[in-house]
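Take a look at the structure below.
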Amino acid sequence: MNRTRLTRLFELRRVLPIAAAVLFVLALRVPVWRITLTAPQYVDPLVVELYAHPQIGGDWQEVRGLNKYVGFYYPDPVHAAPNYEPHEKAIDVPEWILGRVVFVGLAVLSVIVAALPTGKLERGVTALFAGSVAIFAAMGAVIQYRLYQAGHSLDPEAPLNGVEGFTPPLIGTYEVANISGTAWFGPGGYMLVGAILLLAVTVAFRESTATIADVPALVRDGWNRVREWIRRRRNEDDRAPAADDHGSNPTDETGDRSTTGQPQPSPDGDRP
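Heads up: the sequence shown begins at 1 in full-length UniProt numbering, then just goes up one per residue.
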């Protein structure tokens with residue numbers, strides 16, 4: 001292997017997709033989504049952690065007991081056995097088993113794109129980034145629909161009957177009865193965001209031959225550009241008041257004058 005081919009292996013547009021692939025795989029091993037619940041009967045908040053595959057962690061057993069009062073149940077993956085017993089009235093979420101397929105598939109595609117010849121690499125990186133964003137946007141939409149479905153399929157025989165339907169957000173806060181919840185990223189969710197950002201940076205460098213060794217210089221250059229932009233903005237802000245002062249025309253203390261600088265006649269015709 002000659003030095004040219006060895007150098008290409010360390011180009012940012014090849015290294016970053018591989019790093020993204022690692023994050024996609026690691027995200028399968030940790031929770032991607034987390035819900036924190038508070039209720040008067042619990043001193044400390046309860047946390048439920050959901051994985052990209054049919055598995056729930058955290059205080060899920062305590063939360064299951066809390067949810068039964070309003071008739072809200074964990075979803076049923078249908079085609080896979082989760083680490084809990086789905087309630088007979090739980091909504092079906094068969095697509096949950098596709099999490100592994102999506103994450104591993106994107107990891108494999110990222111590695112394949114990183115190994116493409118230079119001529120195909122630029123198009124491959126762009127397609128990979130656009131496809132990843134589209135896939136996760138679609139997954140988010142499906143999950144949000146399932147949350148709506150679960151929140152509007154409450155068990156009418158629950159102890160707290162009469163609770164109105166609600167829609168837990170994918171990201172955000174909500175309240176139902178005397179329970180407050182906050183949904184946010186788990187560790188795996190942050191890994192997914194990091195992987196997408198790495199692919200976005202790859203798109204920015206898709207035509208560049210910069211390598212890992214060039215990163216310090218690129219960071220310094222970027223920082224210098226930011227400082228120069230800030231300096232220009234400050235100079236523009238400082239010049240603006242000065243321009244306003246020069247553009248004003250204060251009235252002459254001796255009275256109005258003509259364009260020739262001579263005193264104007266007074267209204268009664270007498271010259272001053």
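The C-beta atom is built at its ideal place from N, Cα and C for all residues, glycine as well.
Bear in mind the structure is a predicted one, so any value in this text is a computation, not a measurement.
The way I'd put it, the segment 15–35 does touch the segment 188–199; three or more beta-carbon pairs between them come closer than 8 angstroms.
In the same chain as residue 148, and ignoring 5 residues on each side of it, the C-beta atoms closer than 8 angstroms to its own belong to 167, in chain order.
Contact annotation: the segment 76–91 touches the segment 41–54, with at least three C-beta pairs closer than 8 angstroms. Pairing residue 203 with residue 105, the inter-Cα distance amounts to about 19 angstroms. In the DSSP annotation of this structure, the continuous segment of the beta strand (DSSP E) that includes residue 182 starts and ends at 179–185.
For residue 62, the enclosing alpha helix (DSSP H) has its first and last residue at 60–67. DSSP places residue 170 outside any alpha helix (DSSP H), giving it a letter other than H or E.
Taking C-beta separations shorter than 6 angstroms and ignoring five residues to either side along the sequence, the partners of residue 48 in its chain run 35, 58, 60 and 63, following chain order. Secondary structure at residue 97: helix, using DSSP grouped into helix, strand and coil. If you draw a straight line from the Cα of residue 151 to the Cα of residue 22, it is about 35 angstroms long. Between residue 206 and residue 113 a beta carbon distance of about 10 angstroms is seen, past the 8 angstroms cut, so the two are scored as non-contacting. With contact defined as three or more Cβ pairs closer than 8 angstroms, the segment 94–101 and the segment 69–77 are in contact. Taking 8 angstroms as the cut-off, the beta carbon of residue 109 is found no closer than this to the beta carbon of residue 121. For residue 36, the enclosing beta strand (DSSP E) covers residues 33–38. In the DSSP assignment, residue 43 falls outside any alpha helix (DSSP H) and carries neither an H nor an E.
Residue 202 carries a helical assignment under DSSP once its states are collapsed to helix, strand and coil.
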